[in-house]
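Visitor:
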Amino acid sequence: MPELPEVETIRRSLDPLIRGHRIVSVQVLQRQLRIPVAEDFEARLEGKCVRCVKRKGKYVLVELDPEDVWVLHLGMSGKLTCFRKPCPIVKHDHIVVRFENGHELRYHDPRRFGLTLVLRNEELFQWPPLSHLGVDPLSAQFNADYLYSAMRNSKRRVKDLLMDQTVVAGLGNIYANEILFRTGLRPTRRVGRINHRLAKRIVEATPAVLEEAIRWRGTSFSDYRDGEDQKGEFQNHLQVYNREGKNCRVCPDKIKKLQVGNRSVFYCPTCQT
DNA sequence: CGGTGGACCTGCTGGC
DNA sequence: TGCCAGCAGGTCCACC
């Protein structure tokens, strides 16, 4: 479900609701997530204050006071929602965190592809999934030279490379498809056949798409909600994703869908070469 | 090492 | 109405 714009929207909505507040109790209803929830998970959160909520790629990082970082990844169907007062627990609510001001933070994830753990500050960027993440696509490090050097000498498809979290952290299937539409490149194009000028076009389209999606508070097809359980609107502004057979918004052609490597790719045969 | 295909899990939709 | 196949925003691992 959540790619960078959704995780960033959750981060922004959650931060003001829990920042500075103390965790009084932690309840884990389901420990079997992608990585089992550790035995000491509850004890390491209880009594601590939230310093701030950050994001790294698709990971949510809740920094705690006096120490430790609560790390979450939402997988495909994870929701992280803060309620202002206690609410009934529903199916697939796996973790309930209660604050001294009465707010309740819920982790809810039907498919259980998500994960959560607590790390000490100094362990954070040594923990392999995080330590292996590539550059943030909204940072200056994501530039044409960087992308071009990641692409040359590789035979991969450009969409697979954009979704490789060790190259760029935060893009998934929706936004990789959207970025390539706006770049005019077919998702199946081999990166060895992309020159520096085209790499620059990808690099320019990427923050444009992501920032627009953040302004619309993410893409909600079914599950995704922000930290206050509100839907996003970017599904109404997608150019190709989930638009098979619909008219291209730029030319008279229709959007096509292919299965490539077990995932759907969407593109306009006229606009993308 | 690089690239591919399946596995993990539940829920929803569409065809019969 | 019921059943079943296929598909879904992500990641990891075995295998070639």
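This note's numbering puts the last residue of the first sequence at 276; the count rises by one with no breaks.
No residue lacks a Cβ here, since even glycine has one placed at the ideal position from N, Cα and C.
Since this is a predicted model, take the numbers as computed values, not measurements.
Taking DSSP as the reference, what is the three-state secondary structure of S134?
Guide: helix
Visitor: Report the residue from H24, V53 and C274 whose alpha carbon sits nearest the alpha carbon of L183.
Guide: C274
Visitor: Just confirm the distance between the C-beta atoms of G173 and K57, as a whole number of angstroms; I'd bet it's less than 8 Å.
Guide: Actually they do not touch by this definition, with Cβ atoms about 13 Å apart.
Visitor: Hey, L230 and S16: beta-carbon distance below 7 Å or not?
Guide: Correcting the residue identity first, residue 230 is Gly in this sequence and not Leu. Closer than 7 Å, so yes.
Visitor: Just curious, the alpha helix (DSSP H) that R155 is in, first and last residue?
Guide: Where R155 is concerned, there is no enclosing alpha helix (DSSP H), given that its DSSP letter is neither H nor E.
Visitor: Which residue or residues does DSSP assign as beta-bridge partners of N250?
Guide: Looking at the DSSP output, N250 bridges to K257.
Visitor: Please list the terminal residues of the continuous alpha helix (DSSP H) segment that includes H111.
Guide: First-last for H111: E107 to H111, but that is the beta strand (DSSP E), not the alpha helix (DSSP H).
Visitor: Check for me: the alpha helix (DSSP H) holding L183 runs from which residue to which?
Guide: N176 to T186
Visitor: Quick check on the DSSP output: the alpha helix (DSSP H) that includes F44 runs from which residue to which?
Guide: F44 to L48
Visitor: Assuming R228 contacts K94 under a Cβ cut-off of 8 Å, what Cβ separation, rounded to an integer in Å, is found between them?
Guide: That pair is no contact at about 16 Å.
Visitor: Count the C-beta pairs between the segment 109 to 129 and the segment 71 to 91 that are closer than 8 Å, then say yes if the count reaches three, no if not.
Guide: Taking one beta carbon from each stretch, the segment 109 to 129 and the segment 71 to 91 have 3 or more pairs nearer than 8 Å; the two touch.
Visitor: Please report the residue range of the alpha helix (DSSP H) in which E66 lies.
Guide: It is not in any alpha helix (DSSP H) - E66 instead sits in the beta strand (DSSP E) that spans Y62 to D68.
Visitor: Who pairs with V100 in a beta bridge, going by DSSP?
Guide: V29 and L108
Visitor: Which residues mark the beginning and the end of the alpha helix (DSSP H) in which K162 is found?
Guide: V161 to L165
Visitor: Considering only C-alpha positions, which residue in the set H111, D226, T209 and E49 is nearest to Q35?
Guide: H111
Visitor: At what residues does the alpha helix (DSSP H) containing S16 begin and finish?
Guide: L7 to I21
Visitor: Within the continuous beta strand (DSSP E) that includes R58, where are the two ends?
Guide: C52 to K59
Visitor: In whole angstroms, give me the CA-to-CA distance for R236 and R185.
Guide: Strictly speaking, residue 236 in this sequence is Glu, with Arg absent from that position. When rounded, the distance between both Cα atoms is 19 Å.
Visitor: Just to confirm before moving on: does the CB-CB distance between D139 and M4 stay below 7 Å?
Guide: No, Cβ-Cβ distance for D139 and M4 is not below 7 Å.
Visitor: Please report the distance separating the alpha-carbon of L48 from that of E11.
Guide: 22 Å
Visitor: What's the C-alpha gap between N198 and Y151?
Guide: 7 Å
Visitor: Over what stretch of residues does the alpha helix (DSSP H) that includes H76 continue unbroken?
Guide: First-last for H76: V72 to H76, but that is the beta strand (DSSP E), not the alpha helix (DSSP H).
Visitor: Within 10 Å of its beta-carbon, does L7 have 16 or more other beta-carbons around it, so buried, or fewer, so exposed?
Guide: buried
Visitor: Which stretch, first to last residue, makes up the beta strand (DSSP E) that contains T119?
Guide: Counting along the chain, T119 sits inside the beta strand (DSSP E) bounded by residues L118 to L122.
Visitor: Between which residues of its own chain and A46 is the CB-CB distance below 6 Å, once the five residues before and five after are set aside?
Guide: none
Visitor: Between the Cα of Q168 and those of P131, R204 and T191, spot the shortest distance and give me the residue it belongs to.
Guide: P131
Visitor: So V212 is in the alpha helix (DSSP H); what residue range does that whole segment cover?
Guide: DSSP places V212 in the uninterrupted alpha helix (DSSP H) bounded by H199 to R218.
Visitor: Quick check on this structure: which residue in Y149, G221 and R155 has the alpha carbon closest to the alpha carbon of G175?
Guide: G221
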